[in-house]
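Enquirer: Below you'll find the structure I mean.
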Amino acid sequence: MSKERVLLNANVLYSYFLRDLLLSLFAVGHYEAKWTNRIAADIWTEIDRLTHVADQSEIPLAARLNGSSKPPRRGDLLIYAKALYGTGHVAVVLGVDPVRNLIRVGEQNFENDPWSGSNAREIAHIERAGRVWVLDPYLIGWKQEAR
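What follows is the structure, given as structure tokens:
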């Protein structure tokens, strides 16, 4: 079984598995937005570490702006601006295809389309001058394990 990671602060909880298959993603955005007036886009500024469920060890996160020299990796969180849906949006990177320049993501509540296979959608990306740009409107960037 894969190791589960949880992002946690007082107002936001996301849970997901980091293997080939997205087993669960609990985005409490609607509930927490309704009761605390917080939004998914707040993850960009307010979440700076993961807590490993099994041993409670903390894993520091880095915020990478779209156009970063550090490309998205499997397990990263794509964070979208508040301008998208008035709350922002979060997607989990399930895989990166460097040959086709695609990022496969898992997500909920995006255009309400059912998944066509093992991911919700594929997003194109390009590399220019050592920087990676994910070609998706409203994307602020990605949160990834700081290394």
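Taken in order, the sequence shown gives residues 0 to 146; the numbers are from numbering that gives the first Met the number 0. Just so it is clear, CB atoms sit at the ideal spot from N, CA and C, and this is done for glycine as well. From a predicted model like this one, the values you see are computed outputs, not experimental measurements.
Take residue 64 and list the residues in its own chain whose beta-carbon comes closer than 6 Å to its own, dropping the five residues that flank it on each side.
Expert: Position 65 of the sequence shown holds residue 64. Within the same chain, residue 64 has close Cβ partners 140.
Enquirer: Would residue 134 be called buried (16 or more neighbouring beta carbons within 10 Å of its own) or exposed?
Expert: Residue mapping note: residue 134 aligns to position 135 of the sequence shown, counting from 1. So residue 134 counts as exposed.
Enquirer: I'd like the list of long-range same chain contacts for residue 43, defined as Cβ closer than 7 Å, with 5 residues on each side in sequence excluded.
Expert: As a first step, residue 43 must be located in the sequence shown, where it is residue number 44. Once the five neighbours on either side are set aside, the close Cβ partners of residue 43 are 62, 78 and 139.
Enquirer: Under 8 Å between the Cβ atoms of residue 93 and residue 73?
Expert: The residue given as residue 93 occupies position 94 in the sequence shown. The residue given as residue 73 occupies position 74 in the sequence shown. Going by C-beta atoms, residue 93 is nearer than 8 Å to residue 73.
Enquirer: Is residue 42 helix, strand or coil when you go by DSSP?
Expert: Counting from one through the sequence shown, the residue named residue 42 turns up at place 43. Of the three classes helix, strand and coil, the one that applies to residue 42 here is helix, per DSSP.
Enquirer: Can you give, in chain order, each stretch of the beta strand (DSSP E) that sits fully within the segment 59-118 and has at least 3 residues?
Expert: List check, beta strand (DSSP E) in window: 76-79, 88-96 and 101-105.
Enquirer: Could you spell out where the beta strand (DSSP E) holding residue 128 opens and where it closes?
Expert: Residue mapping note: residue 128 aligns to position 129 of the sequence shown, counting from 1. Where residue 128 is concerned, there is no enclosing beta strand (DSSP E), given that its DSSP letter is neither H nor E.
Enquirer: Going by Cα to Cα distance, which pick from 121, 85 and 68 is closest to residue 96?
Expert: Counting from 1 along the sequence shown, the entry for residue 96 is found at position 97. For residue 96, the nearest C-alpha among the options comes from 121.
Enquirer: Could you tell me the alpha carbon to alpha carbon distance between residue 89 and residue 107, rounded to whole angstroms?
Expert: Position 90 of the sequence shown, counting from 1, holds the residue named residue 89. Position 108 of the sequence shown, counting from 1, holds the residue named residue 107. Those two C-alpha atoms are separated by around 8 Å.
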